[in-house]
Amino acid sequence: KMYLTGSVGALRKGEAYGAAYELPLEGYNETCAAIAFLMWNHRMFLLTGDSKYVDVLERAAYNGALSGVSLAGDRFFYTNPVAYDGAAKINHGFAGRAPWFGCACCPPNVVRTLAALTGYFYAVQGTSLFVNLYGQGEAETTLAGTQVRITQVTDYPWQGAVRLTVSPAKSAQFALRVRVPGFAQGRPVPSDLYTYDDQMPALWSARIGGEEINGPVERGYLVLNRRWQPGDVVELVFGLPVRTVRGHPEIAATSGRAAFERGPLVYCAEDADRTGLLDGLLVPPGLKLDVAARPLLGGVHVITIAGAIRSGAPVAEPLALIPYFAWNNRGNVPMAVWFRRF
Numbered sequence: 638k639m640y641l642t643g644s645v646g647a648l649r650k651g652e653a654y655g656a657a658y659e660l661p662l663e664g665y666n667e668t669c670a671a672i673a674f675l676m677w678n679h680r681m682f683l684l685t686g687d688s689k690y691v692d693v694l695e696r697a698a699y700n701g702a703l704s705g706v707s708l709a710g711d712r713f714f715y716t717n718p719v720a721y722d723g724a725a726k727i728n729h730g731f732a733g734r735a736p737w738f739g740c741a742c743c744p745p746n747v748v749r750t751l752a753a754l755t756g757y758f759y760a761v762q763g764t765s766l767f768v769n770l771y772g773q774g775e776a777e778t779t780l781a782g783t784q785v786r787i788t789q790v791t792d793y794p795w796q797g798a799v800r801l802t803v804s805p806a807k808s809a810q811f812a813l814r815v816r817v818p819g820f821a822q823g824r825p826v827p828s829d830l831y832t833y834d835d836q837m838p839a840l841w842s843a844r845i846g847g848e849e850i851n852g853p854v855e856r857g858y859l860v861l862n863r864r865w866q867p868g869d870v871v872e873l874v875f876g877l878p879v880r881t882v883r884g885h886p887e888i889a890a891t892s893g894r895a896a897f898e899r900g901p902l903v904y905c906a907e908d909a910d911r912t913g914l915l916d917g918l919l920v921p922p923g924l925k926l927d928v929a930a931r932p933l934l935g936g937v938h939v940i941t942i943a944g945a946i947r948s949g950a951p952v953a954e955p956l957a958l959i960p961y962f963a964w965n966n967r968g969n970v971p972m973a974v975w976f977r978r979f
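If you read the sequence shown in my numbering, its first letter stands for residue 638, the second for the next number, and so on.
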């Protein structure tokens, strides 16, 4: 009952869940529901220590929750569909983002969630320090009576390289448990609800002091149990190729369609110039997928698909995809996450 974006709650009537696999492209997907799902998965991680819950938390945070606020921070979505015609008043009486709502739960909820997100990055249990999320920053905690500072240098999620500097106040023995994201292990979600349409091997590596470390990996965490010295460095690299995603055969709305993602980010297409680009669009399998950083939308990585075919068009044309969280920041125009395949 989860969308690829980590959104939940498909039905507008009653703000409810539907039947199993009932995931219409125009689903309701309230921003508050994505945030609640994010929080629930965090609690399940705290209960079990299993990284699969953090995988879902990350997916919801970067996609289904983050799409709830505009890039300028002043307009909001109550609902977060994965397809839009550019005109329907889907957003509590508004077409597109709104400055406020009569029932204004979503705007303050998404803002306080963004402010609190750093609290989800790390966790401590006994003599283990869990690294759950990746982003530039620094944190301090106490582990087995020793103060430990950990610093991340990274441009994640745009780039997959992460440099972790571990600095205990003094030499100390403990386990650093570093999450290996599901997407780097060949699975977008911890079930068969969505799968990658390729057979790529695991796409990650780790080094300490230049020495490659391959394991052990327990419940999705690379376990680095050693005596840490101040200034020890862990270098992680997560491969970020563009992945083609298929929905479970029981999801009628995605049958015969494919979506695209890179790392934790789901991508979509917008018809920003209202050319009818998305009408009858076909994206054949096996097309070249390019990624480049562009200044639009505050600076994002854009996926370009060569050779998309529009019904009635004489020639194929390139299709540009933007991160889903950034949609509807260029006016009320058609948008799609899932594309028809041959």
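Note that beta-carbon positions come from the ideal geometry of N, C-alpha and C, so glycine has one too.
Please read these numbers as outputs of a predicted model, since none were measured by experiment.
Self-check item: Straight-line Cα distance separating Val970 from Tyr771
Solution: Here residue 771 refers to the residue found at position 134 when the sequence shown is read from its first residue. Here residue 970 refers to the residue found at position 333 when the sequence shown is read from its first residue. Looking at the two C-alpha atoms, the distance is approximately 32 Å.
Exercise. Return the CA-CA distance between Gln773 and Glu695, expressed in angstroms with no decimal places.
Key: Along the sequence shown, read from residue 1 onward, the residue named residue 773 stands at position 136. Along the sequence shown, read from residue 1 onward, the residue named residue 695 stands at position 58. In a straight line, the C-alpha of Gln773 is about 15 Å away from that of Glu695.
Exercise. Give me the Cα-Cα distance between Gln866 and Leu754, rounded to the nearest whole angstrom.
Key: Position 229 of the sequence shown holds residue 866. Position 117 of the sequence shown holds residue 754. Cα to Cα, Gln866 sits roughly 28 Å from Leu754.
Self-check item: Ranges of the beta strand (DSSP E) found wholly within the region 910 to 956, counting only runs of at least 3
Solution: 926 to 931, 937 to 947
Quiz item: With respect to the alpha helix (DSSP H) encompassing Thr716, which residues constitute its N-terminal and C-terminal limits?
Solution: For the purposes of this step, residue 716 is taken as the residue at position 79 of the sequence shown. Segment: none, Thr716 is in no alpha helix (DSSP H) and carries neither H nor E.
Quiz item: Would you call the region 918 to 936 and the region 698 to 707 touching, i.e. three or more CB-CB distances under 8 Å?
Solution: No contact exists between the region 918 to 936 and the region 698 to 707.
Quiz item: Any idea what DSSP makes of Trp975, helix, strand or coil?
Solution: By 1-based counting over the sequence shown, the position of residue 975 is 338. Note: Trp975 maps to coil in three-state DSSP.
Exercise. Could you check if Pro744 is buried or exposed, using at least 16 other CB atoms within 10 Å of its CB as the buried criterion?
Key: Position 107 of the sequence shown, counted from the first residue, corresponds to residue 744. That one is buried.
Exercise. Using a Cβ-Cβ cut-off of 8 Å, state whether Val937 counts as contacting chain D.
Key: In the structure shown, chain D does not exist; there is a single protein chain.
Practice problem: State yes or no: is the C-beta of Thr881 within less than 8 Å of the C-beta of Asp834? | Solution: Residue numbering aside, residue 881 sits at position 244 when the sequence shown is read from its first letter. Residue numbering aside, residue 834 sits at position 197 when the sequence shown is read from its first letter. Yes. Within cutoff.
Quiz item: Roughly how many whole angstroms lie between the Cα atoms of Arg947 and Ala724?
Solution: Looking up residue 947 in the sequence shown gives position 310. Looking up residue 724 in the sequence shown gives position 87. Distance between the alpha carbons of Arg947 and Ala724 is about 21 Å.
Quiz item: Using CA coordinates, which residue listed in Leu751, Glu887, Arg734, Val803 is at the minimum distance from Lys638?
Solution: Residue mapping note: residue 638 aligns to position 1 of the sequence shown, counting from 1. When each option's Cα is compared against that of Lys638, the closest is Glu887.
Exercise. Report all residues from its chain with a CB closer than 7 Å to the CB of Gly823; omit the five preceding and five following residues, and keep chain order.
Key: On the sequence shown, position 186 is the one that residue 823 refers to. Answer for Gly823: Tyr833, Met837, Ala839, listed in chain order.
Exercise. Might you give, ordered along the chain, the residues of its own chain that have their beta carbon closer than 6 Å to the beta carbon of Ser842, omitting 5 neighbours on each side?
Key: If you number the sequence shown from 1, residue 842 lands on position 205. Apart from sequence neighbours up to five positions away, the residues of its chain that approach Ser842 with a beta-carbon distance below 6 Å are Val874, ordered along the chain.
Quiz item: Helix, strand or coil: which one does DSSP assign to Glu667?
Solution: The residue labelled residue 667 in the question sits at position 30 within the sequence shown. If DSSP states are grouped into helix, strand and coil, Glu667 belongs with coil.
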